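So the sequence shown is numbered by this note's numbering: it starts at 5 and just counts up by one.
Built from N, CA and C at the ideal position, the CB exists for glycine as well.
Quantities reported herein were computed from a predicted structural model and do not represent experimental measurements.
Okay, structure first, notes after.
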Amino acid sequence: MSGDRRDKYEGQGPTPDGQLEERGEIVFKNGAVYQGQWLGDMKHGYGVQVWPDGARYEGYWRYNKACGKGKFWHVDGDVFEGEWQDDKANGYGVYVHMNGARYEGYWKDDLQHGYGKEVWTDNSKYEGEYNEGKKHGKGTYVWADGSRYEGDWHENRIEGHGTYTWIDGRQYTGSWKNNNMHGYGVYTWKDGRRYEGYYEMDKKHGYGVYQWADGRRYEGNWLNGKQHGQGRYILPDQSVKIGVWEHGKRVQWLNE
């Protein structure tokens, strides 16, 4: 962002004791213009620099690099205001996109890093941990329709353990992989139905127990979201039937 050599300036030379001084407008070879404080021949202290493409930084400098509190206007209309170190966003800052999307939180080397809050133009929002510019760690995402996920993230993906709640009352709590229910979990419906068991890529797969709202339940194996293999069908009076299912259809009772 800085470090361009000067070929023209208006003002006085550096002070003999090395103290900060104000100078007039400085024009660099690349067309950028700086006005502010100097320490010798280096931008140091408070100053404003404008680039030929219209980008602008206003804030503090240290040895020719943006460092401390500052505000940067991007050419596309985006604006960042916050803490800087070595010409990059480092520390706490707020980034506002031209379209209204907004991130408020911590940064490391120009990337979201640490705890932050992000809101998009459709009013969906995320609050939680970031790592090198990606949602990573613990966080909560709320979609525009009100659905929400709270739990673990891995490089912008829902992965680990967490709870997803739909606006129609359904809820899943358990393991996730690559944005899919994967592993052990509990899925409930608003009408009282409940499934507890294993999933593979968003489908019931492996052993699981499905209970209907009227008290009936199935205990057994699943394949690609459907009952498959041997299982137990238990009625509300607790009587048990043992049967065989294939791709969701019962083909045989074994204890009749």
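Residues that residue i bridges to, as DSSP identifies them
i      : result
Gly247 : Gly235, Trp257
Tyr107 : Tyr99, Glu122
Trp157 : Gly141, Ile162
Arg66  : Lys69
Trp88  : Gly72, Ala93
Glu223 : Val213, Arg236
Trp77  : Arg60, Val83
Glu25  : Trp42
Gln242 : In DSSP, Gln242 forms no bridge with anything.
Glu200 : Val190, Val213
Close-in-space but distant-in-sequence residues of the same chain around residue i (CB under 7 Å, 5 per side omitted)
i      : result
Leu258 : Ile246, Gly247, Val248
His158 : His140, Gly164
Gly212 : Tyr199, Glu200, Gly201, Tyr202, Trp226
Gly35  : Pro56
Asp218 : Pro240
Gly51  : Tyr38, Gln39, Gly40, Gln41, Trp65
Met205 : Asn184, His186
Nearest neighbour of residue i, chosen from the options [CA to CA]
i      : options                        : result
Tyr176 : Asn182, Glu154, Arg161, Asn160 : Glu154
Pro56  : Lys33, Val98, Leu24            : Lys33
Lys73  : Gly58, Asp82, Val98            : Val98
Trp216 : Val123, Gln231, Gly224, Pro240 : Pro240
Asp114 : Asn68, Tyr130, Tyr134, Gly104  : Tyr134
Arg254 : Asn228, Tyr222, Ser243         : Tyr222
Tyr237 : Arg220, Asp172, His209         : Arg220
Lys69  : Gln23, Glu204, Asp90           : Asp90
Tyr96  : Asn103, Gly104, Phe84, Gly49   : Phe84
Same chain, Cβ closer than 8 Å to residue i, neighbours up to 5 away in sequence not counted
i      : result
Glu14  : Unreliable placement is indicated for Glu14, whose pLDDT of 34 sits below 50; no coordinate value is reported for it.
His117 : Tyr110, Trp111, Tyr134, Asn135, Glu136, Gly137
Asp172 : Lys194
Gln256 : Gly247, Val248
Gly49  : Leu24, Gly40, Gln41, Trp42, Leu43, Tyr64, Trp65
Val190 : Tyr176, Thr177, Gly178, Arg198, Tyr199, Glu200
Environment of residue i [buried if 16+ CB atoms lie within 10 Å]
i      : result
Ile162 : buried
Asn94  : buried
His251 : exposed
Gln231 : buried
Glu260 : exposed
Arg10  : Low confidence applies here, because Arg10 scores a pLDDT of 34, under 50, leaving its location unreliable; read the following figure in that light. Arg10 should be labelled exposed.
Met185 : buried
Tyr67  : exposed
Gly120 : buried
Gly143 : buried
Gly63  : buried
Asp156 : buried
Gly233 : exposed
Nonlocal neighbours in the same chain, by C-beta distance under 6 Å from residue i, ignoring five residues either side
i      : result
Arg60  : Val54, Trp77
Asn182 : Arg161
Thr192 : Gln175, Arg198
Tyr145 : Tyr130, Tyr153
Tyr188 : Gly178, Ser179, Tyr202
Gly229 : Lys207, Lys208
Lys92  : Asp113, Asp114
Gln242 : none
Gly196 : Ala217
Val244 : Arg236, Ile238
Ser128 : Trp147, Ala148
Tyr168 : Tyr153, Tyr176
Integer Cβ distance of residue i from residue j, believed to fall under 8 Å
i      : j      : result
Trp180 : Gly166 : 6 Å
Glu131 : Tyr107 : That belief does not hold up - the Cβ atoms of Glu131 and Tyr107 are roughly 11 Å apart, past 8 Å.
Gly235 : Gly224 : 2 Å
His101 : Asp82  : 5 Å
Ser151 : Trp124 : With a Cβ gap of about 14 Å, Ser151 and Trp124 do not count as contacting.
Gly58  : Val79  : 5 Å
Residue i Cβ short of 8 Å to the ligand NAP heavy atom set
i     : result
Glu25 : Questions concerning the ligand NAP fall outside what the structure shown contains, since it holds no ligand whatsoever.
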